[in-house]
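Protein sequence lines, in the order shown, are assigned to chains G and Z. Here numbering that gives the first Met the number 0 is used: the first residue of the first sequence is 0, the next is one more, and so on. Here numbering that gives the first Met the number 0 is used: the first residue of the second sequence is 0, the next is one more, and so on. Heads up, the beta-carbon is just placed ideally off N, CA and C, and yes, glycines get one too. Here the structure is a predicted model, which means the values were calculated and not measured. Report on the structure given below.
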Amino acid sequence: MAELAISVDGLVKRFEDVVAVDGVSFSVPAGTCLGLLGPNGAGKTTTVEILEGLQEATSGTVRVLGQLWGEHAERLRARIGICLQETRFYEKLSVKETVALFRSFYPSGVEVEEAIGLVALEEKRDARVGKLSGGQRQRLALAVALVGDPEVLFLDEPTTGLDPASRRGLWDVIEALKARGRTVVLTTHYMEEAERLCDQVVIVDHGKVVAKGTPAELVASFGGAQVIEFEARPLLSLDACRALPGCSDVTTQNGTVRLHVKGLPEALPALLRTAEAAGATLVQLSTHAPTLDDVFLHLTGRSLRDEAS
Amino acid sequence: MATGRYPLGQLFLMRLRALWREPSAIFWVFIFPMLLSIVLGLAFRNQTLRKLNVAVVESPGGAAVLQALSSTPGLQTQVLPLPEARQALSRGKVALVVVAGPPPSLLVDPLVPEGRTAQLLAVDTLQRLAGRTDAIVLPEEHVSTPGRRYIDFLIPGLLGFGLMSSSVWGLGWGLVQMRTGKLLKRLVATPMRKSDLLASFILSRLLIALVETAFFLTFARLIFDVRVAGSLPSFLLVAAAGALSFGGLGLLVASRAQNSETAGGLMNLATLPMMVLSGVFFSASLFPGWMQPLVKALPLTAVIDALRAISIDGTSVFTLGGPLLVLLVWGAATFLLALRLFRWS
Numbered sequence: 000m001a002e003l004a005i006s007v008d009g010l011v012k013r014f015e016d017v018v019a020v021d022g023v024s025f026s027v028p029a030g031t032c033l034g035l036l037g038p039n040g041a042g043k044t045t046t047v048e049i050l051e052g053l054q055e056a057t058s059g060t061v062r063v064l065g066q067l068w069g070e071h072a073e074r075l076r077a078r079i080g081i082c083l084q085e086t087r088f089y090e091k092l093s094v095k096e097t098v099a100l101f102r103s104f105y106p107s108g109v110e111v112e113e114a115i116g117l118v119a120l121e122e123k124r125d126a127r128v129g130k131l132s133g134g135q136r137q138r139l140a141l142a143v144a145l146v147g148d149p150e151v152l153f154l155d156e157p158t159t160g161l162d163p164a165s166r167r168g169l170w171d172v173i174e175a176l177k178a179r180g181r182t183v184v185l186t187t188h189y190m191e192e193a194e195r196l197c198d199q200v201v202i203v204d205h206g207k208v209v210a211k212g213t214p215a216e217l218v219a220s221f222g223g224a225q226v227i228e229f230e231a232r233p234l235l236s237l238d239a240c241r242a243l244p245g246c247s248d249v250t251t252q253n254g255t256v257r258l259h260v261k262g263l264p265e266a267l268p269a270l271l272r273t274a275e276a277a278g279a280t281l282v283q284l285s286t287h288a289p290t291l292d293d294v295f296l297h298l299t300g301r302s303l304r305d306e307a308s
Numbered sequence: 000m001a002t003g004r005y006p007l008g009q010l011f012l013m014r015l016r017a018l019w020r021e022p023s024a025i026f027w028v029f030i031f032p033m034l035l036s037i038v039l040g041l042a043f044r045n046q047t048l049r050k051l052n053v054a055v056v057e058s059p060g061g062a063a064v065l066q067a068l069s070s071t072p073g074l075q076t077q078v079l080p081l082p083e084a085r086q087a088l089s090r091g092k093v094a095l096v097v098v099a100g101p102p103p104s105l106l107v108d109p110l111v112p113e114g115r116t117a118q119l120l121a122v123d124t125l126q127r128l129a130g131r132t133d134a135i136v137l138p139e140e141h142v143s144t145p146g147r148r149y150i151d152f153l154i155p156g157l158l159g160f161g162l163m164s165s166s167v168w169g170l171g172w173g174l175v176q177m178r179t180g181k182l183l184k185r186l187v188a189t190p191m192r193k194s195d196l197l198a199s200f201i202l203s204r205l206l207i208a209l210v211e212t213a214f215f216l217t218f219a220r221l222i223f224d225v226r227v228a229g230s231l232p233s234f235l236l237v238a239a240a241g242a243l244s245f246g247g248l249g250l251l252v253a254s255r256a257q258n259s260e261t262a263g264g265l266m267n268l269a270t271l272p273m274m275v276l277s278g279v280f281f282s283a284s285l286f287p288g289w290m291q292p293l294v295k296a297l298p299l300t301a302v303i304d305a306l307r308a309i310s311i312d313g314t315s316v317f318t319l320g321g322p323l324l325v326l327l328v329w330g331a332a333t334f335l336l337a338l339r340l341f342r343w344s
């Protein structure tokens with residue numbers, strides 16, 4: 000088995016009377032990418048900040064690169080790279096000056112120009128931070144995270160708020176890092192991001208791990224079910240939906256009903272008959288194989304897509 | 000890259016660049032105190048005494064009176080008919096009305112200082128005209144002391160005030176912006192030594208305070224001919240001590256504030272009372288005796304008193320132990336308290 004870059008065992012974080020993280024355990028093999036998924040307030044950022052050494056755990060054990068924050072904080076800081084949810088660097092400094100500042104803190108690392116090259120910001124190297132677009136700022140944050148040549152990289156919602164092109168640009172950078180054997184831990188709201196980048200996904204809700212595995216494993220945990228989405232006028236009763244053959248789960252959102260069913264050939268005609276019998280019209284109907292988003296919705300009752308907006 | 004591998008050097012450069020590239024910071028540190036001293040310097044500039052206007056109402060045989068009054072130093076005469084002369088007096092356009100006579104008579108409001116002075120001068124002239132001779136001649140010595148102009152008093156006060164503002168706002172604002180933008184949090188997540196960050200703030204503040212002082216002194220010398228009577232190094236030393244002491248205050252104010260509004264309020268709370276109490280624009284000794292211990296214990300009073308003592312009286316810095324001790328105590332106390340309270344995120 001590969002060496003573990005990170006191991007988290009029974010992690011608990013309590014603030015006054017709120018339990019933000021409630022017994023989370025997972026591990027990340029070196030050279031892989033782990034995605035932490037969960038609704039807002041699920042405890043993702045708190046978990047990541049404890050891994051980054053920015054917050055102290057109330058109880059539980061966290062090892063990063065085999066070391067404990069309580070014992071080797073100084074050495075660990077030099078070996079990890081961090082991208083916070085949002086960092087406002089000095090607007091009056093140029094990209095190059097900002098990266099050089101951070102480079103000076105690390106005993107070893109990559110050259111300033113190389114870090115800028117890794118995130119494809121060469122054209123903006125002399126531009127003031129205040130003149131950068133949102134996507135360019137995120138790339139700068141990534142360059143700053145990379146300048147110490149980290150063994151483990153923590154990215155807290157690296158692409159939130161970016162346009163699709165900028166997002167894909169950042170994915171390319173992260174994939175290139177994975178290819179160079181770096182370990183990556185990222186939190187995200189985007190299903191595609193998790194499916195494309197993550198070797199393993201941990202879904203947390205209310206401070207607890209509700210599912211973990213590879214994206215394929217999580218989707219397979221649906222047991223080969225299919226998803227039917229429809230909108231009916233007037234609304235069909237949920238009990239009638241649950242009574243459909245092979246139906247295992249019913250959720251509704253803004254009038255759209257989502258059914259998890261064993262097989263489409265049995266469920267679909269039954270749905271049409273039920274609608275007809277109730278005098279309802281199906282204004283919208285679609286089916287698809289389950290995705291990570293369906294898994295997330297099933298486990299947390301909320302859609303990843305809503306979290307992102 | 001000479002400074003490439005020195006974190007303290009990089010942090011120091013960051014602070015200087017942040018100031019140098021921020022036009023509003025340049026304005027508040029350098030331009031604003033300059034404009035303020037120009038405006039106040041012009042308003043309170045030493046004027047030569049103006050001549051007093053006297054209206055003379057002509058009458059037959061009164062030519063000698065008009066002649067004598069117009070050649071009296073300090074008086075300016077004009078000839079008016081009586082109704083206009085009365086009107087000019089009641090409107091304050093003339094200080095005195097002389098009806099030429101003979102014998103001459105006066106119209107005056109004795110409660111107006113100009114009226115009283117004009118009366119004394121006119122009576123003296125008219126008595127001599129009538130043949131009075133002076134019993135004795137009084138010897139006079141004309142005295143004017145350098146450094147006693149209002150501008151000489153104002154410049155050290157404004158400099159002290161400027162050092163306080165730029166230290167408290169410069170340090171405090173900078174730190175709060177870094178905290179709200181999560182830059183502080185991002186910095187402590189690196190292997191950066193926290194003492195390097197602190198040292199970069201202190202060193203950059205010190206450098207800027209010295210540049211600020213030198214700039215202000217040069218400006219005051221060129222525009223108002225304000226000179227430092229005592230030693231220049233002593234003056235700079237006191238300015239630097241003040242900047243560091245106020246730096247502690249700025250650090251304390253910024254130690255926990257989570258947003259610009261809170262920080263701004265706290266900074267005003269820290270600096271506005273001193274602006275009033277520490278004698279920036281007038282002498283703090285005007286406050287009643289029971290307030291003096293409080294007034295004297297304020298760091299801004301200490302800085303301004305010490306700067307004035309050096310620049311006006313030429314006092315040696317070695318006799319300014321009192322104010323320097325006040326600065327040291329304030330600086331050390333605020334600094335230590337700030338380190339204890341400081342939040343990185």
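Check                                                                                                                       : Outcome
Assumed close pair THR334(G), ALA140(G) - CB separation to whole angstroms, cut-off 8 Å                                     : Outside the shown range of chain G, which is 0 to 308, sits residue 334(G), and nothing can be said about it.
The alpha helix (DSSP H) enclosing VAL94(G), as first and last residue numbers                                              : 94-102
Expected contact under 8 Å - CB spacing of LEU64(G) and ARG78(G) to nearest Å                                               : 6 Å
Runs of alpha helix (DSSP H) lying entirely within the segment 51-127 of chain Z, each at least 4 residues, in chain order  : 62-69 and 81-89
Chain G residues whose Cβ lies nearer than 7 Å to that of LEU196(Z)                                                         : Here the premise fails: no neighbours, minimum Cβ distance about 10 Å.
Within chain Z, the residues that SER309(G) reaches when beta carbons sit closer than 7 Å                                   : As displayed, chain G neither begins before 0 nor continues past 308, which places residue 309(G) out of reach and without an answer.
Alpha helix (DSSP H) segment containing VAL414(Z), residue limits                                                           : This structure leaves residue 414(Z) out entirely; chain Z is present only between 0 and 344.
Proximal residues to PHE221(G) (C-beta, below 6 Å), its chain only, five neighbours per side dropped                        : PRO289
Reduced DSSP category for THR2(Z) - H, G, I as helix; E, B as strand; rest coil                                             : Summary for THR2(Z): the model assigns pLDDT 47, below 50, so the residue's position carries little reliability; its value from the coordinates is reported in the next sentence. DSSP places THR2(Z) in coil when its eight states are reduced to three.
Member of PRO112(Z), ASP123(Z) and ALA238(Z) whose CA lies at the smallest distance from the CA of PRO103(Z)                : ASP123(Z)
Contact residues within the segment 185-219 of chain Z, judged by C-beta distance below 9 Å to chain G                      : ARG185, LEU186, VAL187, ALA188, THR189, PRO190, MET191, ARG192 and ASP195
ARG62(G) - containing beta strand (DSSP E), residue span                                                                    : 58-63
Close Cβ partners of LEU3(G) (< 8 Å) along its chain, the five nearest in sequence each way excluded                        : SER26, VAL27, PRO28, ALA29, ARG62 and GLY65
Chain Z contact residues for THR86(G), given Cβ-Cβ distances below 7 Å                                                      : GLY180, LYS181, LEU182 and ARG185
contact_flag[the segment 194-206 of chain Z, the segment 6-26 of chain Z] where n(CB pairs < 8 Å) is 3 or more              : yes
Contacts of GLU260(Z) in chain G (Cβ-Cβ under 7 Å)                                                                          : Going along chain G, no residue has its Cβ under 7 Å from GLU260(Z), so there is no contact; the nearest lies around 17 Å.
Which of helix, strand or coil DSSP assigns to LEU319(Z)                                                                    : coil
Residues bridged to LEU131(G) (per DSSP)                                                                                    : LEU131(G) pairs with nothing; no bridge assigned.
Span separating the alpha-carbon of VAL237(Z) from that of LEU306(Z)                                                        : 7 Å
Contacts of GLU21(Z) in chain G (Cβ-Cβ under 8 Å)                                                                           : LYS91
Min CB distance ARG16(Z) to chain G below 7 Å                                                                               : yes
Spatial distance of ASP293(G) from LEU248(Z) (CA atoms)                                                                     : 55 Å
Contact with chain G by MET13(Z), beta-carbon distance below 7 Å                                                            : yes
Cβ pair PHE104(G), PRO6(Z) closer than 7 Å                                                                                  : yes
Cutoff 7 Å; reference LEU35(Z); Cβ partners in own chain excluding five residues on either side                             : LEU157
Cβ-based neighbour list, VAL225(Z), same chain, cut-off 7 Å, excluding 5 preceding and 5 following                          : ILE150, ASP151, ILE154 and ALA219
Where TRP343(Z) sits in the DSSP three-state scheme                                                                         : coil
With 16 other Cβ atoms within 10 Å as the buried cut-off, status of PHE234(Z)                                               : buried
Closest by C-alpha distance to GLU121(G), when choosing among SER93(G), GLY129(G), GLY108(G) and ALA144(G)                  : SER93(G)
Runs of beta strand (DSSP E) lying entirely within the segment 183-251 of chain G, each at least 3 residues, in chain order : 199-204, 207-212 and 225-232
Length of the line joining the Cα atoms of ALA94(Z) and VAL38(Z)                                                            : 30 Å
Between the CA atoms of ALA210(G) and ALA277(G) - distance to the nearest angstrom                                          : 38 Å
Any C-beta of chain Z under 7 Å from that of LEU50(G)                                                                       : no
Neighbour-count burial assignment, LEU74(Z), 16 or more Cβ in a 10 Å radius                                                 : buried
Local Cβ density within 10 Å of PRO163(G), reported as buried at 16 or more and exposed below that                          : exposed
is_contact[ILE81(G), chain Z] using C-beta, thresh 7 Å                                                                      : yes
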